[in-house]
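**Student:**
Number of protein chains: 2
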Amino acid sequence: MDHKEGRLQLEQTSAAAARGGVTVVERRLLESLLETAGNPPIRIRLWGGEEIVAGTAAPVATMVIRDRGALMRMLVNPEVYPADDYSDGRIEIEGDLVSFLEHVFRGLDNLPDKSLKARFLRWMNKPRANTLSGSKENIHHHYDLGNEFYRLWLDTARMQYTCAYYPHPGMSIEEAQIAKLDHVARKLELKPGQVVFEAGCGWGGLARHFAQHYGVTVKAYNISQEQVKFARERAKQEGLDGKVEYILDDYRTMQGECDVFVSVGMLEHVGVDNYPVLGDVIHRVLKPHGRGLIHSIGRNKPAPMNAWTEKRIFPGAYPATLAEMMRILEGHQFSVLDVENLRLHYAHTLEAWLNRYEAHIDDVRKMYDERFVRMWRMYLAASQASFLTGALQLFQIVFARPQDNTIPMNREHLYPR
Amino acid sequence: MDHKEGRLQLEQTSAAAARGGVTVVERRLLESLLETAGNPPIRIRLWGGEEIVAGTAAPVATMVIRDRGALMRMLVNPEVYPADDYSDGRIEIEGDLVSFLEHVFRGLDNLPDKSLKARFLRWMNKPRANTLSGSKENIHHHYDLGNEFYRLWLDTARMQYTCAYYPHPGMSIEEAQIAKLDHVARKLELKPGQVVFEAGCGWGGLARHFAQHYGVTVKAYNISQEQVKFARERAKQEGLDGKVEYILDDYRTMQGECDVFVSVGMLEHVGVDNYPVLGDVIHRVLKPHGRGLIHSIGRNKPAPMNAWTEKRIFPGAYPATLAEMMRILEGHQFSVLDVENLRLHYAHTLEAWLNRYEAHIDDVRKMYDERFVRMWRMYLAASQASFLTGALQLFQIVFARPQDNTIPMNREHLYPR
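Protein chains in written order, with the working numbering: chain L, 1 to 417; chain X, 1001 to 1417.
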């Protein structure tokens, strides 16, 4: 086959032509869409058997579009409908799903911000608001799916549904999640007897780990009922119920004083408009020599969460830029001591989750229908591809009060040997 | 003496009263100014001998105001005139100058942004613009003072007029400046044969150090004639003139390609409006797997440079917040890998410079008049106090292209043992 540079190639089998393939208009629109995405090295096979190869490199995978409706929907909103149609089985990916998405995302990242298409997609896909009641609904949608479901593919040790830390390659997800908690603990310079406030505690693994290994007491906030119930039971089983307190409430209701403020994987659900309020909360509770850490998915420049993910998986979620995150800290002049970007660690984490998800796919099928099974596969694969392509970042930000001169002189203590 | 909480105390000696001290109105205005500054623990002695003690703690130092004019000027613009009058000898500080300034700055930092006084000071003290010709004038004002002058009090090894790095307390300024260069080199993952572009190279110490110890070639830009002349001579003496090239031109004229972009202590002079242009320059020259580092004085929240420093020492200078610095990187989606805050290292650096300055004060007096001698003492002391009180920060930002997956997984390599 003769590949001309940067141009689409049509492979029309005589059989497909006989069955009646896409119309000329449909084909042109699909070509235009693939061009917009920078002609990634993929093959598209249509319901009639007709194949289209984008780009000039060997295709990494084949996207099978099973009916005309799925193609039409893709042309209308390529950010949302193809993933929906994958969930419904109207679209299939033959070959490696993550590689496929990685190549498509690389192209889409280069879509100019001000293009009509980009603006239309942004307008259509505006995230939902995080008012106190809105947050509860948004969080319920995702985190109350059932602890049994998450248990199937998260680490068994601490049930961490956030980016792990791999100081050594080849670590298990269990080891890497523990390493993450210890990395965060070192960044916070935890000392026995200190009081830690945690905003958004998931299944409570960080709180229990800190209480058990660092001699601190933790007050951990979460608005997901299922998670708090699980966290409390675990704390009881582990004999930590005097040392950790799980509070089923919004972080905005935090009261009292703490030596350490920590929030791992909650900021994504806070909404930029609420960042100054989060800053006010931290200012209200953090002692003069307190340390703070925020761990969150982020962006290199402002852009909404992928519209499909926001719609189907994480309502109200938004990955902020570092500049946007500064709105939390600037109001009270908190001083940023350290920022680390763990983007590739999140790609590893998602790879581990996806592998475990596939290994337990039959168990997932017992709990949910096939649409859900495929939707979550798409979500995990798309997230991995997003971190691999730099569409998403993972920032850990350490901060302190502006006039605190007890801050560490360097970061050597983060790397014990 | 009876100190009432939070109130000013007047100590009127009968002698002072006899000579005729301040008027009631003058005293009230001075009280109001000290209250605005949070009543720092200082003593003020007026020309008639009358003393005023602010705050309730023991005074750390005494400010002697030698004439009524100096007091009036202080009341009109406390950010600019007292430092000018210190330079002119109309104001003296008895006791430790840095401690005095530290306590005054702590109070002034708490001045509400929206107060009439704060707004008035901002309006009055607007920094000068950094156009291509404006930059040359601004830079000439400061850096072309004469290499002999800076030689008196900077480190002798590399003539670094930027924050040093003290991995171990008690290091000399020579050792700490070398440690800074090596810290930056590790952050940039320098490899032999690489091409480094440096924007704003001072006396060229970084370029020569990198060329000599890391086997790279460096193209270094600077618009200060005196510095470039010095840098070229040194490179020749050290046999490095084939490996480092000093270019007497603005960073905006950079051409070609580099593996590493580095800028240490130039951003302060760039001006926020020019940040996207700096980003464009980096985007134009940096290779796909290139690394970048920007080292700059910064702020926890937006505020102009201290007006006196901007006026007398650094025309056009502005210490930006992290959020503002992101305007350099967001336009081309550069990915922030690492941010470190070296605030207390700059306080140490300034302490070392000030000590050496005082030790060579007689040599300075041979070169400049007493006004200059006192002005530079005030500047070094005020800078040290600014870093000690968190009014200023020092950020090192490491960045890479968004899709570069060759970035290091962690920062252990920054801490060799």
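Every residue gets a Cβ at the ideal spot worked out from N, C-alpha and C, and that includes glycine.
Anything in chain L within Cβ reach of M1171 (chain X), meaning under 9 Å, just list it in chain order.
**Tutor:** Counting from 1 along the second sequence, the entry for residue 1171 (chain X) is found at position 171. In chain order: nothing, as chain L lies at least about 11 Å away.
**Student:** In whole angstroms, what is the alpha-carbon distance linking V1098 (chain X) and L1394 (chain X)?
**Tutor:** Counting from one through the second sequence, the residue named residue 1098 (chain X) turns up at place 98. Counting from one through the second sequence, the residue named residue 1394 (chain X) turns up at place 394. Roughly 19 Å between the two C-alpha positions.
**Student:** DSSP on Y246 (chain L), reduced to helix/strand/coil?
**Tutor:** One-based indexing of the first sequence puts residue 246 (chain L) at position 246. Secondary structure at Y246 (chain L): strand, using DSSP grouped into helix, strand and coil.
**Student:** Comparing C-alpha positions only, which one of X:G1256, X:P1192, X:D1404 sits nearest to R1291 (chain X)?
**Tutor:** Stepping through the second sequence from its first residue, residue 1291 (chain X) is reached at position 291. That would be X:D1404, whose Cα lies nearest to the Cα of R1291 (chain X).
**Student:** Would the stretch 1336-1355 of chain X count as touching the stretch 1160-1176 of chain X if we require 3 or more Cβ pairs under 8 Å?
**Tutor:** yes
**Student:** If you measure beta-carbon to beta-carbon, which residues of the stretch 331-351 of chain L are closer than 8 Å to chain X?
**Tutor:** G331, Q333, F334, S335, V336, L337, D338, V339, E340, N341, R343, L344, H345
**Student:** Please identify the residue among L:N147, L:E51, L:V218 whose C-alpha is closest to the C-alpha of M159 (chain L).
**Tutor:** Reading the first sequence from its first residue, position 159 is the one you call residue 159 (chain L). Put simply, of L:N147, L:E51, L:V218 the residue whose alpha carbon is nearest the alpha carbon of M159 (chain L) is L:N147.
**Student:** Just checking: is the beta-carbon of E189 (chain L) within a distance shorter than 8 Å of some beta-carbon in chain X?
**Tutor:** What you label residue 189 (chain L) is simply residue 189 of the first sequence in a count that begins at 1. Not one chain X Cβ lies under 8 Å of E189 (chain L).
**Student:** Can you name the residues that DSSP bridges to E94 (chain L)?
**Tutor:** Numbered from 1 along the first sequence, position 94 holds the residue referred to as residue 94 (chain L). Looking at the DSSP assignment, E94 (chain L) forms a beta bridge with L:T62.
**Student:** Which residue comes first and which comes last in the beta strand (DSSP E) that contains D273 (chain L)?
**Tutor:** The count along the first sequence starts at 1 and reaches residue 273 (chain L) at position 273. For D273 (chain L), there is no enclosing beta strand (DSSP E), as DSSP gives it neither H nor E.
**Student:** Are there 16 or more other CB atoms within 10 angstroms of the CB of H183 (chain L), so buried, or fewer, so exposed?
**Tutor:** Counting from 1 along the first sequence, the entry for residue 183 (chain L) is found at position 183. Residue environment: H183 (chain L) is assigned as buried (16 or more neighbouring CB atoms within 10 Å of its CB, all protein chains considered).
**Student:** Consider the Cβ of N405 (chain L): report whether some Cβ of chain X lies at a distance smaller than 8 Å.
**Tutor:** As a first step, residue 405 (chain L) must be located in the first sequence, where it is residue number 405. Yes, N405 (chain L) counts as interfacial toward chain X.
**Student:** Using a Cβ-Cβ cut-off of less than 9 Å, give me the residues of the stretch 1301-1326 of chain X that come near chain L, in sequence order.
**Tutor:** K1301, P1302, T1321, L1322, A1323, E1324, M1325, M1326
**Student:** Counting contacts by CB-CB distance shorter than 8 Å, is Q1393 (chain X) in contact with chain L?
**Tutor:** The residue given as residue 1393 (chain X) occupies position 393 in the second sequence. Yes, contact with chain L.
**Student:** Bridge partners for L1396 (chain X) per DSSP, in chain order?
**Tutor:** Walking along the second sequence from the start, residue 1396 (chain X) turns up at place 396. What sits at residue 1396 (chain X) in the sequence shown is Gln, not Leu. Answer is X:H1295, X:E1340, bridged to Q1396 (chain X).
**Student:** Between which two residues does the beta strand (DSSP E) containing K191 (chain L) stretch?
**Tutor:** By 1-based counting over the first sequence, the position of residue 191 (chain L) is 191. Element bounds for K191 (chain L): n/a, residue is neither H nor E.
**Student:** Sort X:R1073, X:R1068, X:Y1161, X:R1186 by Cα distance to R1411 (chain X) and report the nearest one.
**Tutor:** Stepping through the second sequence from its first residue, residue 1411 (chain X) is reached at position 411. Nearest neighbour of R1411 (chain X) by Cα position, chosen from X:R1073, X:R1068, X:Y1161, X:R1186, turns out to be X:R1186.
**Student:** Return no unless some Cβ of chain X is closer than 8 Å to the Cβ of E412 (chain L).
**Tutor:** Counting from 1 along the first sequence, the entry for residue 412 (chain L) is found at position 412. E412 (chain L) belongs to the set of residues whose beta carbon lies under 8 Å from a beta carbon in chain X.
**Student:** Any C-beta of chain C within less than 8 Å: which residues of the stretch 364-389 of chain L qualify?
**Tutor:** Protein chains in the displayed structure are L and X, and chain C is not among them.
**Student:** Using only the alpha-carbon positions, how far apart do E94 (chain L) and F387 (chain L) sit?
**Tutor:** Locating residue 94 (chain L) in the first sequence gives position 94, where the first residue counts as 1. Locating residue 387 (chain L) in the first sequence gives position 387, where the first residue counts as 1. Cα-Cα distance, rounded: 22 Å.
**Student:** For a test of the three-state rule: what should DSSP assign to P82 (chain L), helix, strand or coil?
**Tutor:** In the first sequence, counting from the first residue as 1, residue 82 (chain L) sits at position 82. Looking at P82 (chain L) - three-state DSSP - the assignment turns out to be helix.
**Student:** Which residue comes first and which comes last in the alpha helix (DSSP H) that contains N147 (chain L)?
**Tutor:** By one-based count along the first sequence, residue 147 (chain L) stands at place 147. Start and end: 147-151.
**Student:** Could you tell me the alpha carbon to alpha carbon distance between D1155 (chain X) and L1181 (chain X), rounded to whole angstroms?
**Tutor:** Position 155 of the second sequence, counting from 1, holds the residue named residue 1155 (chain X). Position 181 of the second sequence, counting from 1, holds the residue named residue 1181 (chain X). Approximately 13 Å, taken between the alpha carbons.
**Student:** Going straight from the alpha carbon of E1238 (chain X) to that of L380 (chain L), what length do you get?
**Tutor:** To locate residue 1238 (chain X), count along the second sequence from 1; it is residue 238. To locate residue 380 (chain L), count along the first sequence from 1; it is residue 380. Using only the alpha carbons, I get a separation of about 56 Å.
**Student:** What's the C-alpha gap between D1085 (chain X) and G1390 (chain X)?
**Tutor:** To locate residue 1085 (chain X), count along the second sequence from 1; it is residue 85. To locate residue 1390 (chain X), count along the second sequence from 1; it is residue 390. Going from the Cα of D1085 (chain X) to the Cα of G1390 (chain X) covers about 25 Å.
**Student:** Could you give the DSSP three-state label for K236 (chain L): helix, strand or coil?
**Tutor:** Numbered from 1 along the first sequence, position 236 holds the residue referred to as residue 236 (chain L). Correct three-state label for K236 (chain L): helix.
**Student:** For the pair the stretch 1281-1301 of chain X and the stretch 1243-1262 of chain X, tell me if three or more CB-CB distances fall below 8 Å.
**Tutor:** yes
**Student:** Using a Cβ-Cβ cut-off of 6 Å (strictly less than) and excluding sequence neighbours within five positions of E1324 (chain X), which residues of its own chain qualify?
**Tutor:** Numbered from its first residue, the second sequence carries residue 1324 (chain X) at position 324. So the list reads V1272, once near-sequence residues are dropped.
**Student:** Just grab the DSSP bridge partners of R45 (chain L) for me.
**Tutor:** Taking the first sequence and counting its residues from 1, the one referred to as residue 45 (chain L) is at position 45. DSSP lists L:E51, L:V64 as partners of R45 (chain L).
**Student:** What does the alpha-carbon distance come out to for the pair K1287 (chain X) and E1257 (chain X)?
**Tutor:** Position 287 of the second sequence holds residue 1287 (chain X). Position 257 of the second sequence holds residue 1257 (chain X). Each residue's Cα considered, the two are about 6 Å apart.
**Student:** How would you list, in chain order, the residues of chain X whose beta-carbon sits under 7 Å from the beta-carbon of R106 (chain L)?
**Tutor:** Here residue 106 (chain L) corresponds to residue number 106 of the first sequence, with the count starting at 1. Simply Q1403.
**Student:** Would Y1214 (chain X) pass as an interface residue toward chain L - the criterion being a Cβ-Cβ separation below 8 Å?
**Tutor:** Along the second sequence, one-based indexing puts residue 1214 (chain X) at 214. So, not an interface residue.
**Student:** Restricting to Cα atoms, I'd like to know which of X:V1195, X:G1331, X:A1058, X:L1344 is closest to N1274 (chain X).
**Tutor:** Taking the second sequence and counting its residues from 1, one reaches residue 1274 (chain X) at position 274. When only C-alpha atoms are compared, the closest one is X:G1331.
**Student:** I'd like to check one pair, S335 (chain L) with N1077 (chain X): are the Cβ atoms closer than 8 Å?
**Tutor:** Locating residue 1077 (chain X) in the second sequence gives position 77, counting from the first residue. Locating residue 335 (chain L) in the first sequence gives position 335, counting from the first residue. Against a cut-off of 8 Å, the Cβ pair of S335 (chain L) and N1077 (chain X) comes out as no contact.
**Student:** Name, in chain order, the residues that DSSP records as bridge partners for G217 (chain L).
**Tutor:** To locate residue 217 (chain L), count along the first sequence from 1; it is residue 217. Inspection of the sequence shows that residue 217 (chain L) is occupied by Thr rather than by Gly. Answer by DSSP bridge pairing, in chain order: L:V195.
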